[in-house]
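In my numbering, the protein residues as written are 155 to 490. All C-beta atoms, glycine included, are put in the ideal place defined by N, C-alpha and C. These notes concern the structure reproduced below.
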């Protein structure tokens with residue numbers, strides 16, 4: 155009978171399925187769709203992202219230590235499932251992403267990053283015995299903040315090793331971006347939007363005066379001090395910031411001393427060598443006062459800065475949260 159059909163109508167056609175039945179493969183596909191099980195796998199997305207990164211299945215395979223056919227098979231599978239071409243294959247240029255490929259790549263990278271973050275979180279939770287944080291902090295705030303903060307954090311997280319380094323704003327930023335530091339505490343000026351920041355506390359500019367000064371109990375008008383000796387904290391960024399305070403008020407300071415240590419600034423002020431401006435104070439000293447500056451309203455913030463591209467661990471985020479709680483209670487600039 156089949157031979158007769160072939161001779162009359164060409165190739166034999168399979169007999170129709172009875173109503174209500176589906177082929178086994180199709181039944182499995184329908185079952186997956188009904189249950190919400192994705193047919194795209196994480197492995198396919200990883201292989202696709204690697205091929206897009208290198209523009210070559212061969213180089214992607216070398217990076218992942220697998221065979222090139224595995225890369226090609228993953229791409230073909232994705233294209234079949236999505237019904238779209240993800241790459242244009244060109245002999246001279248290798249694999250070139252199509253518009254659909256570009257759209258999928260962003261989504262794939264986000265998914266891969268989220269899965270990696272889940273894995274990292276699990277690993278971090280298993281590290282109970284020994285963990286390390288490398289902290290960078292501005293030198294003029296570190297003495298009053300870092301020791302008590304680290305002691306309080308280690309009491310809450312026993313076994314944590316907190317290493318700290320003090321420096322100026324530019325140096326700390328460079329070390330963070332180089333991966334030498336996990337988190338830094340700096341003022342919120344000139345911070346790249348590619349970095350993650352968390353506000354810890356306000357760091358408003360204050361005029362530093364001897365406790366016996368006639369303006370020691372009042373908001374200070376810098377115009378009244380313009381001709382008096384000014385002690386400059388002469389470090390990059392900080393110097394420019396304090397000079398901008400005078401410029402905003404239409405004033406020019408009479409710079410008598412330039413020093414690179416905030417503690418030296420305090421010592422000179424206490425000994426009557428002049429006045430200064432600082433963002434951070436010292437609770438321990440009774441021989442100087444920190445007074446608000448009249449007419450200057452810009453409030454800088456002390457922030458914790460981390461890198462976005464490396465998923466910040468739960469431990470580092472806990473440290474930042476602890477720092478925020480600590481500084482909200484103790485502050486960095488006593489007004490008295």
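Quiz prompt | Test item: CB-CB of residue 388 and residue 412 under 8 Å | solution = Taking the C-beta atoms as reference points, residue 412 is found nearer than 8 Å to residue 388.
Quiz item: Using the C-alpha atoms, what's the distance from residue 467 back to residue 274?
Solution: Approximately 7 Å between the Cα atoms of the pair.
Quiz item: Is residue 105 near residue 252, with beta carbons less than 8 Å apart?
Solution: Residue 105 lies beyond the stretch modelled for the chain, which goes from 155 to 490, so this question has no answer here.
Quiz item: Can we say the region 440-452 touches the region 347-363, given the rule of at least three CB pairs closer than 8 Å?
Solution: Contact holds between the region 440-452 and the region 347-363, because three or more Cβ pairs, one in each stretch, are under 8 Å apart.
Quiz item: Mapping DSSP to helix, strand and coil, what is residue 302?
Solution: In the structure shown, residue 302 sits in a helix (DSSP, three-state: H, G or I).
Exercise. Entirely within the region 325-408 and at least 3 residues each: give me those beta strand (DSSP E) ranges in chain order.
Key: Runs found: 337-341, 349-356, 360-364 and 383-387.
Practice problem: Give every residue of the same chain whose Cβ lies closer than 6 Å to the Cβ of residue 285, excluding the five residues on either side of it in the sequence, and list them in chain order. | Solution: Result list for residue 285: 314 and 469, in chain order.
Quiz prompt | Alpha-carbon spacing of residue 453 relative to residue 211, whole angstroms | solution = In a straight line, the C-alpha of residue 453 is about 53 Å away from that of residue 211.
Quiz item: Assuming residue 456 contacts residue 481 under a Cβ cut-off of 8 Å, what Cβ separation, rounded to an integer in Å, is found between them?
Solution: Between residue 481 and residue 456 the Cβ distance is about 7 Å, and since that is below 8 Å, they are a contact.
Quiz item: If you draw a straight line from the alpha carbon of residue 478 to that of residue 351, how long is it in whole angstroms?
Solution: Those two C-alpha atoms are separated by around 12 Å.
Quiz prompt | Proximity to residue 423 [Cα-Cα], best of 367, 304 and 342 | solution = Residue 367 holds the alpha-carbon nearest to the alpha-carbon of residue 423 among 367, 304 and 342.
Exercise. Would you kindly work out how many angstroms separate the C-alpha atoms of residue 347 and residue 461, rounded to a whole number?
Key: The straight-line gap from Cα to Cα measures roughly 10 Å.
Quiz item: Which residues in the same chain as residue 214 place their Cβ atom closer than 6 Å to its Cβ, once the five residues preceding and following it in sequence are excluded?
Solution: Non-local beta-carbon contacts of residue 214 in its own chain, meaning distances under 6 Å to residues more than five positions away in sequence, involve 204, 205, 208 and 225 in chain order.
Quiz item: If you run the structure through DSSP and keep just helix, strand and coil, what is residue 272?
Solution: Looking at residue 272 - three-state DSSP - the assignment turns out to be helix.
Exercise. Identify, in the order they occur along the chain, each residue of the same chain with its Cβ nearer than 8 Å to the Cβ of residue 476, setting aside the five sequence neighbours on each side.
Key: Listed in chain order, the non-local C-beta contacts of residue 476 below 8 Å within the same chain comprise 303, 306, 307 and 310, local neighbours out to five positions each way being set aside.
Self-check item: Cβ-based burial, residue 371 [other Cβ within 10 Å; buried from 16]
Solution: Residue 371 sits exposed, since fewer than 16 C-beta atoms from the chains shown fall within 10 Å of its C-beta.
Quiz prompt | Residue environment, residue 290, which counts as buried when at least 16 other CB atoms sit within 10 Å | solution = Buried is the call here.
Quiz item: Which value, in whole angstroms, describes the spacing of the CA atoms of residue 101 and residue 268?
Solution: Residue 101 cannot be examined here, being either before or after the span of the chain that is shown, 155 to 490.
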